[in-house]
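> In our numbering, the protein residues as written are 175 to 588. Shown below is the structure under consideration.
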RNA sequence: CGGAGUGUGGCUCAGUUGGUUAGAGCACCUCGUUUGGGACGAGGGGGUCCCCAGUUCGAAUCUGGGCACUCCGACCA
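Structural data, given as structure tokens:
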């Protein structure tokens with residue numbers, strides 16, 4: 175991709191009102207654009223990052239055996255009345271009437287919708303389990319949207335739902351998803367803690383949250399450095415859990431930290447299926463409710479969370495996994511014979527490497543500054559200095575190396 | 001929903017004891033010179049001063065009401 179063609183141009187100043195790192199940097203670098211509080215456009219660079227995040231999630235979720243679908247975002251009131259959540263979740267749901275007076279909601283989650291699909295298509299234990307997921311926009315009437323893209327009124331999420339014949343099978347799958355989540359966050363480079371939390375409008379049971387340790391986070395969590403125990407502040411406060419010692423292993427190595435919640439998994443038992451009449455016949459012809467769970471990851475929030483934990487004075491520092499491009503190619507005017515950026519660009523593309531080529535007719539300083547701001551992990555420079563080689567520099571380091579094009583391709587593919 | 005802050009070209013801001021035709025830097029357009037860390041010269045275009053009402057001979061500036069954004073709190077997968 176040519177940088178001269180990428181929309182929009184980078185900004186010199188962060189927006190006046192921006193305070194959080196993700197807000198300042200993602201806006202300045204041209205990844206996102208704000209329509210109103212909590213409502214953002216993902217611009218070409220931002221969308222590329224979210225697509226990369228989604229690709230990782232998709233790959234790992236597919237491994238659990240789940241299948242991808244796309245469910246509607248416009249929901250009738252009736253389906254929400256089946257579980258009583260039209261009233262219970264009134265505060266967070268966008269509810270409205272059309273001109274005939276019929277009532278609808280914009281989707282804030284899909285438990286009811288998923289179960290409606292399932293009950294229409296299953297009769298026997300042999301039809302189970304079923305696990306479906308999709309990537310879609312969630313609408314939530316947040317009392318206070320904030321922190322750039324971290325808490326929006328609409329945002330993108332991967333949500334997965336599963337139903338099972340028995341409790342045992344349910345927990346087996348739940349554990350499978352938990353492991354998939356850990357792989358997803360690890361691949362993206364996040365330091366994630368699993369914490370217990372209360373279920374809010376979703377369930378009276380405790381649920382598991384996946385928390386990225388970050389100063390800019392709005393959650394406060396406690397976790398044990400010796401074992402896997404963790405809980406959010408609300409749970410610790412409400413249940414009066416002692417946090418001097420770990421409730422699980424009795425170790426005193428309890429840490430308190432600010433964190434960003436990036437994923438959540440909910441064991442629902444049979445509460446929802448009983449209310450929505452999602453039953454199947456077991457081996458003995460007996461009617462039974464399905465065991466149900468749901469599992470979410472906020473993919474746009476993950477982009478913001480990464481910026482919160484990985485940036486410096488100059489800009490964002492992406493890693494290879496979620497960077498919008500593999501390399502940033504900079505060409506400086508050169509008189510001597512050597513590599514021409516055009517040739518390098520074409521060669522890299524031929525090898526399936528995603529290149530952002532800064533072909534603009536502007537000063538060297540401006541190119542370097544934009545390069546640091548956008549934060550692609552590898553910078554390649556072609557200039558009078560580089561001759562028959564290319565300058566190679568990692569975003570997070572000041573060291574520069576000179577490699578042949580062949581070697582560069584080898585390194586990028588390896 | 002409570003508290004605080006902010007609203008002036010595309011962006012960041014100055015201007016406010018009320019007084020010509022509202023300014024700067026950046027960005028943009030034209031021409032030329034530049035090119036290893038946000039270059040330089042010359043010329044040029046661009047404004048419902050957030051909105052509405054009021055006070056006044058006269059309002060970006062004063063008064064009242066509203067709206068928007070950011071932060072803190074309440075709230076929250």
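C-beta: ideal position from N, C-alpha, C; glycine also. Note that the structure is a prediction, hence the values are computed from the model and not measured.
1. Can you check which of these residues, 401, 460, 191, is closest to residue 424 by C-alpha distance?
2. Since residue 605 and residue 436 are thought to touch, with beta carbons under 8 Å apart, how far apart are those beta carbons, to the nearest angstrom?
3. How long is the line joining the alpha carbons of residue 207 and residue 215, rounded to whole angstroms?
4. Please list, in chain order, all residues of the same chain as residue 570 whose beta carbon is under 7 Å from its beta carbon, the five residues on each side excluded.
5. Output the boundary residues of the beta strand (DSSP E) element that contains residue 455.
6. Would you be able to state if there are at least three C-beta pairs under 8 Å between the stretch 224-241 and the stretch 404-414?
7. Who are the Cβ neighbours of residue 266 in its own chain at under 8 Å, not counting the five residues just before and after it?
8. Specify, as a first and last residue, the run of the alpha helix (DSSP H) that residue 566 falls within.
9. Would you say residue 541 and residue 532 are within 8 Å of each other, going by their C-beta atoms?
10. Which residue or residues does DSSP assign as beta-bridge partners of residue 375?
11. So what's residue 294 in DSSP terms, helix, strand or just coil?
12. Touching or not, the stretch 347-365 and the stretch 319-331, by the rule of three or more beta carbon pairs under 8 Å?
13. Are the stretch 542-559 and the stretch 465-479 in contact at 8 Å, needing three or more beta carbon pairs?
14. Taking 8 Å as the cut-off, decide whether the C-beta atoms of residue 319 and residue 443 are in contact.
15. Any idea which residues DSSP pairs residue 491 with across the strands?
16. Hey, how far is the Cα of residue 466 from the Cα of residue 220?
17. Restricting to Cα atoms, I'd like to know which of 187, 337, 230, 277 is closest to residue 451.
18. Report back the beta-carbon spacing between residue 433 and residue 386 to the nearest angstrom; my notes put them in contact at under 8 Å.
19. When DSSP builds the beta bridges, which residues end up paired with residue 254?
20. Does the distance from the C-beta atom of residue 383 to that of residue 369 stay below 8 Å?
21. When DSSP labels each residue in this structure, what does residue 465 get in the three-state scheme?
22. Specify the secondary structure class of residue 545 as computed by DSSP and reduced to three states.
23. Residue 382 lies in the beta strand (DSSP E); which residues open and close that run?
24. With DSSP collapsed to three states, give me the class of residue 572.
According to the structure data:
1. 401
2. There is no way to answer for residue 605, as the model of the chain reaches only from 175 to 588.
3. 5 Å
4. 491
5. Here the beta strand (DSSP E) through residue 455 covers 453-455.
6. no
7. 282, 314, 315, 316, 375
8. Run containing residue 566: none in the alpha helix (DSSP H); it sits in the beta strand (DSSP E), 564-568.
9. yes
10. For residue 375, which the question treats as bridged, DSSP gives no partner whatsoever.
11. helix
12. no
13. no
14. no
15. DSSP output for residue 491 lists no bridge partner at all.
16. 34 Å
17. 337
18. 6 Å
19. DSSP output for residue 254 lists no bridge partner at all.
20. yes
21. strand
22. helix
23. 380-387
24. coil
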